[in-house]
Structures are given as structure tokens and as C-alpha cells.
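Chemist: For this note's numbering, add 152 to where a residue sits in the sequence shown, where the first one is 1. Beta carbons: idealized from backbone N, C-alpha and C, even for Gly. Only a predicted model underlies this, so the values are computations on that prediction, with no experimental measurement involved. Take this structure, written in C-alpha cells, and hold onto it; I'll ask about it next.
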Amino acid sequence: MSALTMNVVDRSEPAPTHLTRPAPGIIAALFCGYLAVGLPLPVIPLFVHDKLGFSNLIVGLAVGIQFLATVLTRGYAGRLTDHFGGKRSALQGGAVCALGGLLYLVSAMPGLAPAMSLVIIIAGRLVAGFGESQLVTGFVSWSVASVGPQRAGLSMSWTGVAMFAALAIGAPVGMALYQGYGLQTAMIACVVAPLVAAAIAVREISYTSSAGQRLPFYKVIGQIWREGLGLMLQGVGLSGLTAFASLYFASRHWGHAGLVMTAFGVGFIFVRVALGHVTDRTSGYRVALWSLVIEAIGQAMVWFAPSEIAALAGALVTGLGCALVFPALGVEALKRVLPANRGSAMGAFVAFLDIAYGVSGPVAGLIAGQFGYAAVYLFGAACALLGAGLVLTARSHQS
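In C-alpha cells form, the structure reads like this:
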């Protein structure tokens, strides 16, 4: 790891000139690094359930424990970024993610007892969560620092595209490798991807963090909690699509559930690419407000869908709405903190999204069990509208 983290920010050097758009190398490195998150997503559940023979409860533990590790280490990642720069955090995170992939690889070695394989996988998930928190916080903060706060929205739009694309591409690639060549080959990819990211990132220019008073992490959370909670409520809709769309479609005897995330992704990426600059030119609160309203409309379309086409259209509209909430509220969150605390602010802000993905799935599962799968999307619409109301409140408290 030390070889990957030697390139520490030199605060004696003058700050580089800000770029007009995020450096392609930073975005490409984030994409490669985040593949380590996407690749094992469909693979770990199948291996733990089908190969090792454990229950669905254990599968949920093995998958969800990475979320816990990520949330609990966001504070460390933010402090690391504030003190040493986003590049240091990103490189260190890539190294830790590669170590997590190595543990996945060890868990698939022949001759291991199922219980031992499970223990090693869980250890790998914990390590990977620790790596992800540093990787994402580092790259997002580094990208924002490279363009300056005046283009923070554009930067966060492009980092979001890189992460979403890594999930969309990594999951099917991981599944194909697993089905075609076994878990070991799929997990080798989890080792290689973050190392490739580090190889790309190490050549990019470092951008220093501003000097000044650095607040404790809990105080940073206290300054940006409204924006973070708005982001968390936005994440409920996407969580419902990823977790229950296939079951919802099957219950309606619709046959193209695989197109749900495609439809969402088309809307999401289109808006991010076409309108990613908007949050830097107008109020982020205004953009987030209308985005959350559009997301609520999309979720209501899925809930009330009389046909498969209507449900897919709802997924598309949900993607249109979700696209700009992160950069819009992220820009406003950064305005609330001193420049020296921006890394911690981004770590705290992203942690709210981690919480959304970790908590909304089980809650939506309870709703589906009581009221049916369609009710999951009524819940998503209600959360988006609640988020819109919260954005209005946050705007009224703008300093």
C-alpha cells in the first residue's frame, strides 16, 4: 500500500490552475476503481447461497456488511482527504479495495470449509467497504478541487456518471466471469480494477486542500445534515428499483425486468451529461426541488403502471429526476462548510446515500410483504416528496 500512497500533497507548492472541466484521468480512474464495487454485487450472493449453502439471512449479512463498513469509515476518509488531499485518499482506497478483492479470491480456494470461506468473504466485504469510503471520498473531493468550487456541480455530475457506469458495467461483467470461469476469475478482476485505477490516478496532478480550521466530523454533519437527508430520501427510489423491480415484474407476468435499470440509466446519464453544468449556474436547492418532484412522478408511474411499457417509462422518469439531486445538494453542502472541511463534508454527504441504500431495502421489503410490490414505489414517491419539502426547509436556512 505504501508504494501507492507515497504521492502525498506537497503544501509548499503553489496550487495548480483550476481546470474548466474534471480531468479525464480522474474520472477514468474513479470508474476503474468503482468496478471493484460493481463486479462482486451479483456474484457474492450466488456463491454464498448456492456454493457454500448458507441461508438468505447470511447472504444478506455478507452483502450488507460492506455498507456498514463504508458508513463507519466515511469520517476517517474525510479527515484523510482534508489533511493530505483527495489524491492520497483515492490511491489509498484503491489499495485497500484490491486487498478486499484478494480476500474474495482466497475465499474461493479449493479445500476450504464453507464456514471458513464465509468468514473470509465477510472480512473481504469489511475491507472493501473501508476502501470504498476512501476511494469515493478521495476521487469526488479531488475532482471538485481540480475545477474549483465554482464548477463543483459539473464535477459531481461526472463523478456520478463514472460510478453509475461502473455499477452498470461491473455487475454483468462479474456475473459473466463467474458463470463462465468461476469465482476466482471474477475476484481476480476485483483485484486488478482498483490497481488499474491507481496506475491511472498516480500520474494526475494533486490539488491541495485549503488551510484553515478543521472541524470534528460530527460538527461537519451538523452543518450539512439537511442536504444529506434530502439526498438520503432521493436514494429510496433507486433502492426500490434495484431490489424489487424483478419481483414486481414477475408478479405482473411482465417479462423484461432487466430493462428497468437500463431505462433508469438512460434517463440518469442523459441528464447528467446534458445538464450537469446547471447546478453551477443556478440555485442547487431549486434544481434539487424540481428533480425530487420529477422522481416522485416517476415512482408514482411505476406504482400505478397498467402495463410493462408504463412501468419502464416510470423507471426512465425516475432516472431523469434522480440525476441532479446529488450534485445540486452537494454544491449547497459545500457552501455550508469552510474550505478546509470540504473533504469531510463530502464524506458525510455521501454517507447519507450509503444509509439510504442500507436501510430502505429492508423497509421496502416489509412494505412489499404487507401491501404488495407496487407499494414499494408509492413509498419511493412519498420519500421523494418528503425530500422536496426538506429542500424547501434547507433553502430557508441557507446561511
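Grab the span of the alpha helix (DSSP H) containing residue 272 for me, first residue to last.
Modeler: Run containing residue 272: 266 to 299, per the alpha helix (DSSP H) assignment.
Chemist: Are there three or more Cβ pairs, one per stretch, closer than 8 Å when the stretch 522 to 535 is compared with the stretch 438 to 457?
Modeler: Counting Cβ pairs under 8 Å, three or more are found: they touch.
Chemist: Below 8 Å between beta carbons: does that hold for residue 246 and residue 349?
Modeler: Yes. Within cutoff.
Chemist: For a test of the three-state rule: what should DSSP assign to residue 433, helix, strand or coil?
Modeler: It is coil, neither helix nor strand.
Chemist: In the DSSP assignment, find the alpha helix (DSSP H) that holds residue 384 and state where it starts and stops.
Modeler: Taken as a continuous stretch (DSSP letters only), the alpha helix (DSSP H) holding residue 384 covers 369 to 403.
Chemist: Measure the alpha-carbon distance for residue 157 versus residue 244 and round it to whole angstroms.
Modeler: Because the pLDDT at residue 157 is just 39, under 50, the model does not fix this residue reliably, and the value given afterwards should be weighed accordingly. Each residue's Cα considered, the two are about 6 Å apart.
Chemist: Is the beta carbon of residue 310 closer than 8 Å to that of residue 196?
Modeler: Cβ distance not < 8 Å, so residue 196 and residue 310 don't count as in contact.
Chemist: Tell me where the alpha helix (DSSP H) around residue 359 begins and ends.
Modeler: Element bounds for residue 359: n/a, residue is neither H nor E.
Chemist: Excluding sequence positions up to five away, which residues of its chain have a Cβ less than 7 Å from the Cβ of residue 336?
Modeler: Same-chain partners within the cutoff: 257 and 260.
Chemist: Determine, using beta carbons only, whether residue 315 and residue 296 come nearer to each other than 8 Å.
Modeler: No, the pair does not count as a contact, with Cβ atoms beyond the cut-off.
Chemist: Write down the C-beta distance between residue 378 and residue 209 rounded to the nearest angstrom, noting that I regard them as a contact closer than 8 Å.
Modeler: About 35 Å separates the two Cβ atoms, so there is no contact after all.
Chemist: Might you give, ordered along the chain, the residues of its own chain that have their beta carbon closer than 8 Å to the beta carbon of residue 413, omitting 5 neighbours on each side?
Modeler: Only 320, 393, 394, 397 and 467 meet the Cβ criterion.
Chemist: Residue 387 and residue 207 - do their beta-carbons sit closer together than 8 Å?
Modeler: Not in contact: residue 207 and residue 387 (Cβ atoms no closer than 8 Å).
Chemist: Taking residue 280 and residue 391 to be in contact with their CB atoms under 8 Å, please state how far apart those CB atoms are, rounded to whole angstroms.
Modeler: Rounded, the Cβ-Cβ distance is 19 Å, inconsistent with contact.
Chemist: Just confirm the distance between the C-beta atoms of residue 191 and residue 325, as a whole number of angstroms; I'd bet it's less than 8 Å.
Modeler: So it is a contact: roughly 6 Å between Cβ atoms.
Chemist: What are the boundary residues of the alpha helix (DSSP H) that includes residue 427?
Modeler: Start and end: 412 to 427.
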